[in-house]
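Position in the sequence shown counted from 1, then plus 155, gives you this note's numbering.
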Amino acid sequence: MAHKRRRLEEKGWDPATIALVLDSRKEKRKQKGYNNIQQRYISWAKSRGVDPEQPNPAQLLNWLTAGVLIQEWHASTVQNYKSAIIYMYEDKSSFSDLNFLSYFKVIKERSVKDMKEIDIGLQPILTHFRQQGPNETLDISALTRKLCWLIGTCGFLRPSDIWCIDLANDNFALSEDLCKLPIVFPKETRDGQRIIKYTTIKSHEDPLLCPVRTITEYLRRLEGHEIMVPHHKDESVLHRPLIRDVRLPRTPVTSQTIGNHIAAITDLLGLPPTRATGPTEAIKKGALVDNVVVHGNWSSSMIVNNYYRLTRATATNFTSLVLP
Numbered sequence: 156m157a158h159k160r161r162r163l164e165e166k167g168w169d170p171a172t173i174a175l176v177l178d179s180r181k182e183k184r185k186q187k188g189y190n191n192i193q194q195r196y197i198s199w200a201k202s203r204g205v206d207p208e209q210p211n212p213a214q215l216l217n218w219l220t221a222g223v224l225i226q227e228w229h230a231s232t233v234q235n236y237k238s239a240i241i242y243m244y245e246d247k248s249s250f251s252d253l254n255f256l257s258y259f260k261v262i263k264e265r266s267v268k269d270m271k272e273i274d275i276g277l278q279p280i281l282t283h284f285r286q287q288g289p290n291e292t293l294d295i296s297a298l299t300r301k302l303c304w305l306i307g308t309c310g311f312l313r314p315s316d317i318w319c320i321d322l323a324n325d326n327f328a329l330s331e332d333l334c335k336l337p338i339v340f341p342k343e344t345r346d347g348q349r350i351i352k353y354t355t356i357k358s359h360e361d362p363l364l365c366p367v368r369t370i371t372e373y374l375r376r377l378e379g380h381e382i383m384v385p386h387h388k389d390e391s392v393l394h395r396p397l398i399r400d401v402r403l404p405r406t407p408v409t410s411q412t413i414g415n416h417i418a419a420i421t422d423l424l425g426l427p428p429t430r431a432t433g434p435t436e437a438i439k440k441g442a443l444v445d446n447v448v449v450h451g452n453w454s455s456s457m458i459v460n461n462y463y464r465l466t467r468a469t470a471t472n473f474t475s476l477v478l479p
């Protein structure tokens, strides 16, 4: 970051302009993720008498090759490390050479992508919820874990999405039939801008499995404990988080805590994350992929098929369709 700041100063950028660009939350998060990678490359380059502050495609490829051959880096790791190093330089033109780019095609061709085939069985969890009994009889810890798992699975939500739910948003809605959850500043962006997305979760005929009834009971427990806190992604924005500390209802929790609530259920059965479990089960039972894309707020069906669909099984019996 220091050499990037120095280059911008040399170009005549004012300190305020540099701070606006380099000190933004997004820039800091990106740089934080890249720092360790960049330091490893810098140390490697200096040990070989190479100036790491000058763009050097050949040396970058040499470093990446060492990682592939010695540390068995995967193609995705190579791509990530390449991006981290190129990000260090203002002039990136030397990295557009066709020979340089062809290297990464070769690395990609060396790898084999497993399209996944995971058999998900939700029945043990559903049986667990039924054995627990009505929401009204659950202690707050059990109710919180159940709520996080249900809205994560039925809403195709990450723990970080649940963390960003804002009960004070005017579009929050709760009835006997559905719950509309506003999610302020989720991981996704559109055209580089932060967004507010909305997830609608409908009720289930079994009251012991119904996410709407579960959130209704949870909010009843929170009555008298309304809070407004700065959003963790923008302290100038206040919001009312859904999930609270099980001991201190006026205290919000982190996405890690929400993830732990979900894991308390899924880990016992060896299930994958809820954001993958929900779409996979929905498609297996006949949901259109396009509808899954909309419900999960994904940008394309390719994202669902490549990263969140854990089995290629569908509800259609192709044998009966093909054979007369």
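We put the CB at the ideal spot given by N, CA and C, even for glycine. Since the structure is predicted, the reported quantities are computational estimates derived from the model, not experimental observations.
Query	Result
If you run the structure through DSSP and keep just helix, strand and coil, what is K439?	helix
Using 10 angstroms around the beta-carbon of H109, count the other beta-carbons present and answer buried if the total reaches 16, otherwise exposed.	The displayed coordinates of the chain run from 156 to 479. Any statement about residue 109 would go beyond what the structure contains.
With distances taken from CA atoms, which of I356, D361 and P337 is nearest I350?	P337
Could you pull the start and end residues of the alpha helix (DSSP H) that C334 belongs to?	Counting along the chain, C334 falls outside any alpha helix (DSSP H), though it belongs to the beta strand (DSSP E) covering L333 to R345.
Can you tell me the Cα-Cα spacing of L364 and V384, whole angstroms?	31 Å
Starting from K357, follow its DSSP beta bridges and name the residues at the other end.	L333
Using 8 Å for Cβ pairs, my map puts I413 next to I317. What's the rounded Cβ distance?	5 Å
With H, G and I counted as helix, E and B as strand and the rest as coil, what does DSSP make of K159?	helix
Keeping to the same chain, check which residues put their C-beta closer than 7 Å to that of N211; ignore five residues upstream and five downstream.	V205
So P404 and H386 are supposed to be a Cβ contact under 8 Å. How far apart are they, rounded?	Actually they are not in contact, since the Cβ atoms of P404 and H386 sit about 19 Å apart, beyond 8 Å.
Along the chain, where does the beta strand (DSSP E) containing P170 start, and where does it finish?	From DSSP, P170 is part of no beta strand (DSSP E) but of the alpha helix (DSSP H) over P170 to L177.
Among residues of its own chain, excluding the 5 on either side of N290, which ones have a beta-carbon nearer than 7 Å to its beta-carbon?	L298, R368, T369 and E372
Starting from D316, trace the alpha helix (DSSP H) in both directions and tell me its first and last residue.	P314 to W318
Near Y353, what residues of its chain come up, given a Cβ to Cβ distance below 8 Å and the 5 sequence neighbours on each side ignored?	N326, K335, L336, P337 and I338
At what residues does the alpha helix (DSSP H) containing D445 begin and finish?	V444 to H450
Using 8 Å as the cut-off, can you tell me whether the segment 274-290 makes contact with the segment 234-243, which would need three or more C-beta pairs spanning the two stretches below that distance?	no
Could you tell me if T355 is buried or exposed, where buried requires 16 or more neighbouring beta carbons within 10 angstroms of its beta carbon?	exposed
So who's on the other strand from K321, going by DSSP bridges?	Going by the sequence as given, residue 321 is Asp instead of Lys. BP columns for D321 point to P396.
Considering Cα atoms alone, identify which of N452, E208 and G222 is closest to R313.	N452
So for H283, helix, strand or coil by DSSP?	helix
Nearest to D294 by alpha carbon, out of R402, F473, I458 and L478?	R402
From I382 to K440, what does the alpha carbon distance come to, in whole angstroms?	40 Å
So, for H416: in the same chain, excluding its five sequence neighbours on each side, which residues have a beta-carbon less than 7 Å away from its beta-carbon?	T299, R300 and C303
According to DSSP, simplified to helix, strand and coil, what is D206?	coil
Over the uninterrupted alpha helix (DSSP H) stretch that includes P362, give me the two end residues.	Note, P362: premise wrong, no alpha helix (DSSP H); not H, not E.
Considering just the uninterrupted stretch of the beta strand (DSSP E) at P385, what are its terminal residues?	V384 to H386
Have a look at the DSSP bridge pairing and note the partners of D389.	H386
Quick one: is T406 buried, meaning 16 or more other Cβ sit within 10 Å of its Cβ, or exposed?	exposed
Taking C-alpha atoms, which residue in F340, V176, S410 and Y244 lies nearest to E390?	F340
Select from P366, P170, L443 and L281 the residue whose C-alpha is nearest the C-alpha of A468.	L443
Could you check if I225 is buried or exposed, using at least 16 other CB atoms within 10 Å of its CB as the buried criterion?	exposed
Report the option in P428, L329, D422 and G222 whose CA atom is closest to the CA atom of S315.	P428
Spell out the partners DSSP gives K352 in its beta bridges.	I338
So T282 and G433 are in contact, right, with Cβ under 8 Å, and what is the actual spacing, rounded?	18 Å between Cβ atoms; not a contact.
What is the DSSP secondary structure of A239, counted as helix, strand or coil?	helix
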